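**Student:** Residue numbers (the numbering used here), protein chains in the order written: chain Z, 13 to 90; chain V, 33 to 335.
Built from N, CA and C at the ideal position, the CB exists for glycine as well.
Small disclaimer: the values here were computed from a predicted structure and weren't measured.
(1) Taking C-beta to C-beta, are residue 51(V) and residue 302(V) nearer than 8 Å?
(2) Drop a sphere of 10 angstroms on the beta-carbon of residue 40(Z), count the other beta-carbons inside from all chains shown, and report buried for 16 or more, exposed for fewer.
(3) Are there 16 or more other CB atoms within 10 angstroms of the CB of residue 262(V), so buried, or fewer, so exposed?
(4) What number of angstroms, rounded off, separates the C-alpha of residue 225(V) from the C-alpha of residue 185(V)?
(5) By the three-class DSSP mapping on this structure, what secondary structure does residue 149(V) have?
(6) At what residues does the beta strand (DSSP E) containing residue 240(V) begin and finish?
(7) For residue 245(V), name the three-state secondary structure that DSSP assigns.
(8) 8 Å is my cut-off, CB to CB: does residue 300(V) come that close to chain Z?
(9) Can you have a look at residue 49(Z) and say buried or exposed, based on whether 16 or more other CB atoms are within 10 angstroms of its CB?
(10) Chain V partners of residue 82(Z), CB-CB under 9 Å?
(11) Between which two residues does the alpha helix (DSSP H) harbouring residue 324(V) extend?
(12) Against chain Z, which members of the region 111-140 of chain V pass a CB distance test of less than 7 Å?
(13) Please state whether the Cβ-Cβ distance between residue 232(V) and residue 271(V) is less than 8 Å.
(14) Compute the distance between the beta-carbons of residue 137(V) and residue 331(V), then report whether it is under 8 Å.
(15) Is any beta-carbon of chain V found at less than 8 Å from that of residue 39(Z)?
(16) Counting contacts by CB-CB distance shorter than 8 Å, is residue 95(V) in contact with chain Z?
(17) With DSSP collapsed to three states, give me the class of residue 116(V).
(18) Among 16(Z), 22(Z), 27(Z), 20(Z), whose alpha-carbon lies nearest the alpha-carbon of residue 91(V)?
(19) Which bits of chain V does residue 68(Z) rub up against, with CB to CB less than 8 Å?
(20) Note down, in chain order, every chain V residue with its Cβ under 9 Å from the Cβ of residue 33(Z).
(21) On a Cα-Cα basis, can you pick out the residue from 201(V), 189(V), 196(V) that is closest to residue 215(V)?
(22) Counting along the chain, where does the alpha helix (DSSP H) carrying residue 141(V) start and finish?
(23) Find the nearest neighbour of residue 20(Z) within the set 87(Z), 55(Z), 88(Z), judged by alpha-carbon distance.
(24) Can you tell me where the beta strand (DSSP E) with residue 300(V) in it begins and where it stops?
(25) Please work out which residues of its chain come closer than 6 Å, Cβ to Cβ, to residue 60(V), disregarding the five sequence neighbours upstream and downstream, and give them in chain order.
(26) Who are the Cβ neighbours of residue 143(V) in its own chain at under 7 Å, not counting the five residues just before and after it?
(27) Note down, in chain order, each residue of its chain lying with its Cβ closer than 7 Å to the Cβ of residue 257(V), except the 5 sequence neighbours on either side.
(28) At 8 Å on the CB atoms, spell out the chain Z contacts of residue 74(V), in chain order.
(29) Taking a Cβ distance cut-off of 7 Å, strictly less, list which residues of the region 144-177 of chain V are near chain Z, in chain order.
(30) Using a beta-carbon distance cut-off of less than 9 Å, what residues from the region 215-243 of chain V approach chain Z?
(31) Residue 19(Z) CB to nearest chain V CB: under 8 Å?
(32) Please report the residue range of the alpha helix (DSSP H) in which residue 61(Z) lies.
(33) Quick one, are the C-beta atoms of residue 182(V) and residue 266(V) less than 8 Å apart?
(34) Relative to the alpha-carbon of residue 45(Z), which residue among 72(Z), 17(Z), 62(Z) has its alpha-carbon at the smallest distance?
As structure tokens, this is what we get:
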């Protein structure tokens, strides 16, 4: 029962990188979405999160804004 | 009766982490209290001058620092913010947004944060068009009109990044001329995507749920510019507000001597929060090491 994880980010963003490292270190698979490359996906992210900063992490439909380790761990754990 | 630590380190950037590693190796009983791990190093771009790494990105170096720190078994309180630091009868007391602690020595290594504009709308529109990180959020503004606030290196760097992305860039600069690097200035001046407003200050951020415009005052004349993005790049300020009893300089940096001692016995400080010249990752790390060696010496002579 693995969770569906998406990471919306941009290539140069430090906390996007940290988020992805964090998930990789936990051995988790995630969809790596580059919102700089795709305008529609950027819009989708802004709509889902109601704001314009990256990274945005989606775990089974639930949204985390920024590299908030506690929130991410909570969503992964439940 | 609450436990009394040997040392509490406030902050876990390069200075705090290095101090913690040294302290752990000296078997001191320590606690690290910090809002985040990695500090400003996490925000740095490419680093090519940290000894031992010919090339490493800020986040990668920060992760390596963290891994090194977590090899040891001391307590780390993350997402916790120090609110008060007081000294009483040779002991030091720390109050955070979650708990209270007592310790014999303290190293303040809380670093710096982005300076805010302090205008109406800034808090409301934070991350809703207004950002302090061009590298992170810049790409979300492709084809939009944006404003960069500031005239120094970080502002010009942001503007140059945005030239590749945005439709038009307004630079709102407080002084009568840009102060950043001349090579960057030249690149910006010749680009017709950029308009520069000197002698200008931000009055208000306007919008509905996202930023729609910015009100500025240029030579006492108010103007409204339609922008969807605002990049605030007006420098950094030290996270030293909680340390009310510590001596600070005019930039609010904590004043330390060569041994990283502050004006309060038992309280040491290290890294970008201090008045040490040159803010560099390698210097902050070295200062963290110096501070903990001073604290160790202080503890061994104290009764």
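**Tutor:** According to the structure data:
(1) yes
(2) exposed
(3) buried
(4) Between the C-alpha atoms of residue 225(V) and residue 185(V) there is a straight-line separation of about 19 Å.
(5) coil
(6) Residue 240(V) -> no beta strand (DSSP E), and no H or E assigned at all.
(7) strand
(8) no
(9) exposed
(10) 110, 111
(11) 313-333
(12) 111
(13) Cβ distance not < 8 Å, so residue 232(V) and residue 271(V) don't count as in contact.
(14) Between residue 137(V) and residue 331(V), the C-beta gap is smaller than 8 Å, which places the two residues in contact.
(15) no
(16) yes
(17) Assigned with DSSP and collapsed to three states, residue 116(V) falls in strand.
(18) The residue with the shortest Cα to Cα distance from residue 91(V) is 27(Z).
(19) Within chain V, no residue comes near residue 68(Z); the closest Cβ sits about 10 Å away, beyond 8 Å.
(20) 91, 92, 95
(21) 189(V)
(22) Neither: residue 141(V) is in no alpha helix (DSSP H) and is coded neither H nor E.
(23) 55(Z)
(24) 299-301
(25) 38, 39
(26) Cβ neighbours of residue 143(V) beyond the five flanking positions: 43, 45, 71, 72, 271, 303, 304, 305.
(27) 179, 202, 245, 246, 248
(28) Per Cβ cutoff of 8 Å: 26, 27, 30.
(29) The region 144-177 of chain V vs chain Z, Cβ under 7 Å: 159, 160, 161, 163, 167, 168, 169, 171, 172, 174.
(30) 241, 242, 243
(31) no
(32) 51-61
(33) yes
(34) Residue 45(Z) has its Cα closest to that of 17(Z), out of 72(Z), 17(Z), 62(Z).
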